[in-house]
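Once you know that position 73 of the sequence shown is 73 in full-length UniProt numbering, the rest is easy, because the numbers rise by one and skip nothing.
Backbone N, C-alpha and C define an ideal beta-carbon position, used for all residues, glycine too.
Treat the numbers as computed from the prediction; the structure is a model and nothing was measured.
Remarks on the structure that follows.
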Amino acid sequence: KHKENNTLPDLNSLDKRTKKLVDELQKEIEETKKELDDIRNNKLAIEPIQNNPVSEEEEDFKQLKNERNIVGNEHYEVDPKIEDESKTKRELTKLTKKLMCNTFSIVIENYSDKIKNSEEYNIHDIDDIEEYCPDGESEEEKCKTELDKINAVCLWLLNNIIAYRVNDSSKEQVKSFIIYIMIWLNYMLNLKKDEINLSDFYNNIENDTNYTNCKDCDEKDCSNALKEKTEYNDFKEIIDKNRDLLNINFEDISKFFEAFKLLCKIPNVFDEENLECTEYLGYANDIVDKFKKLNENSSATGNNSYIQVWSTLSTDYENFKNKYNGINCMNIPSLPPMKTTQHNVQISEGHSEHGPVQSSDVTSSSLSIVKKLILALSIFSAITIFLGIFYK
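Right under this line is the structure:
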């Protein structure tokens, strides 16, 4: 603004680049004013909070917590009369998922998930990854081998997605985070199997204290919160108790991993005001296609580890589908029900609320044949006994 009259300069007198910058600034100012008006309208009484430095990826998360008082921090209060708890939970769930996806995006951008490595990827571009790398000869913490890299990224994900957010996440959210991390770990260990001995990875877990110490973003112990939300004592136990998820074969885990990456693009690319239906449907159809192909694989039928992964992914997919279906975008496809054996339908009952499970026609037919054989044998035995008694 001009100092003399406190007015904006004549935009026509500015060059194109400056004019564009002014337009963008004006737009941001209007958006900020609207956000402030919304806060005032909601009559949020927020006391000053401590000015603790936070990482860039946590800023939005911290801001939402401060505005909505969802963790009960003693430094601020929200009038309970105007607090909308259900809306707060929805906003937190949405933001938590987005932060998780952003965290995975950082890994994918800096650590290749392709068979052939490329020089454009550098794991050390991930902030603070050196903390989980072994000490190098140059007295700098460097990850040199593929085992070093996978181990460091695994710990980085466990800390940034679980430890740093465990106090503010629900039990269901933390469980889904574990499954997504295990999907990534399985995929990468299979991808690098020519360079990594799986037993070496497990041995490394046994000897690395980072897997047994849970510290939140303030360096405070979070073991109790981890135990409460997951029933596991530490990261080592998380991996040990979920080893079945590492036994899913590479062909299938690749489809799950690709579906997860597509699913993560949705909250980062789209919102209610910026919904490109054609592109969104493209992602949705690709995800559905991955699941259809998984259904064609007999090795997935009746496998409990498959059921866990399938249920978690399908739950998040349906949540996004329900969110966007009808907002300028109709007929978003549903995921197919997972085909499984009759025996494992009972095993999967605990997961059935997360995703549809369907018994295969072949299994039903087989059970019918078995029942008929048993009935025939029973009749034959009865006749034999009757004839024997009659003969005597």
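Given 8 Å as the limit, is there contact between the stretch 308 to 318 and the stretch 247 to 266, that is, 3 or more CB pairs closer than that? By the Cβ test, the stretch 308 to 318 is in contact with the stretch 247 to 266, since at least three Cβ pairs between them sit closer than 8 Å.
Review point. On the three-state DSSP scale, how would you describe residue 330?
Key: Here residue 330 corresponds to residue number 330 of the sequence shown, with the count starting at 1. Collapsing the DSSP output to three states places residue 330 in coil.
Based on the DSSP output, what are the partners of residue 113 in its beta bridges? Translated into the one-based positions of the sequence shown, residue 113 becomes position 113. In the DSSP secondary-structure assignment, residue 113 is not bridged to any residue.
Worksheet entry | Whole runs of the alpha helix (DSSP H) within the stretch 123 to 162, excluding any shorter than 4 residues | Counting whole runs of 4 or more residues, the stretch 123 to 162 contains the alpha helix (DSSP H) stretches 146 to 157.
> Whose C-beta lies closer than 7 Å to the C-beta of residue 110 among residues of the same chain, with five residues either side of it excluded?
Replying inline: Working through the sequence shown from its first residue, we reach residue 110 at position 110. Cβ neighbours of residue 110 beyond the five flanking positions: 121, 122, 123, 125, 126.
Going by DSSP in three states, residue 221 sits in which element: helix, strand or coil? Walking along the sequence shown from the start, residue 221 turns up at place 221. Note: residue 221 maps to strand in three-state DSSP.
Handout entry: Member of 188, 325, 279, 321 whose CA lies at the smallest distance from the CA of residue 152
Key = In the sequence shown, residue 152 corresponds to position 152, counting from 1. It is 188 whose Cα lies nearest to the Cα of residue 152.
Notebook entry, point to check: If you draw a straight line from the C-alpha of residue 205 to the C-alpha of residue 182, how long is it?
Noted result: Within the sequence shown, the letter at position 205 stands for residue 205. Within the sequence shown, the letter at position 182 stands for residue 182. Answer to the nearest angstrom: the Cα atoms are 14 Å apart.
Self-check item: Secondary structure of residue 192, DSSP reduced to three states
Solution: In the sequence shown, residue 192 corresponds to position 192, counting from 1. In this structure, residue 192 counts as coil in the three-state DSSP scheme.
> Alpha carbon to alpha carbon, what distance is there between residue 177 and residue 263?
Replying inline: As a first step, residue 263 must be located in the sequence shown, where it is residue number 263. As a first step, residue 177 must be located in the sequence shown, where it is residue number 177. Rounded to whole angstroms, residue 263 to residue 177 spans 14 Å at the Cα level.
Cα-Cα, which of 96, 277, 257 is closest to residue 332?
Taking the sequence shown and counting its residues from 1, the one referred to as residue 332 is at position 332. Looking from the CA of residue 332, the closest CA among 96, 277, 257 belongs to 277.
Q) Which residues bound the alpha helix (DSSP H) around residue 318? A) Taking the sequence shown and counting its residues from 1, one reaches residue 318 at position 318. From DSSP, the alpha helix (DSSP H) with residue 318 extends over 304 to 324.
Nearest to residue 293 by alpha carbon, out of 259, 105, 266? As a position in the sequence shown, residue 293 is number 293, starting the count at 1. Considering only alpha carbons, the answer is 259.
Requested in this report: Name the one or two DSSP bridge partners that residue 411 has.
Outcome: Beyond the ends of the chain as shown, which are 1 and 392, falls residue 411; an answer cannot be given.
Smallest Cα separation from residue 132: which of 157, 115, 119? Here residue 132 refers to the residue found at position 132 of the sequence shown. Considering only alpha carbons, the answer is 157.
**Prompt:** Which term fits residue 148, buried or exposed, when burial requires 16 or more other beta carbons within 10 angstroms of its beta carbon?
**Reply:** On the sequence shown, position 148 is the one that residue 148 refers to. Buried, by the Cβ-count rule.
Check your understanding: Taking buried to mean at least 16 other C-beta atoms within 10 Å of its own C-beta, is residue 115 buried or exposed?
Key -> The sequence position of residue 115 within the sequence shown is 115, counting from 1. Looking at its Cβ environment, which holds fewer than 16 other Cβ atoms inside 10 Å, residue 115 is exposed.
Inter-residue Cα distance where the pair is residue 282 and residue 289: Mapped onto the sequence shown, residue 282 falls at position 282. Mapped onto the sequence shown, residue 289 falls at position 289. Spanning the alpha carbons of residue 282 and residue 289 requires a straight line of approximately 11 Å.
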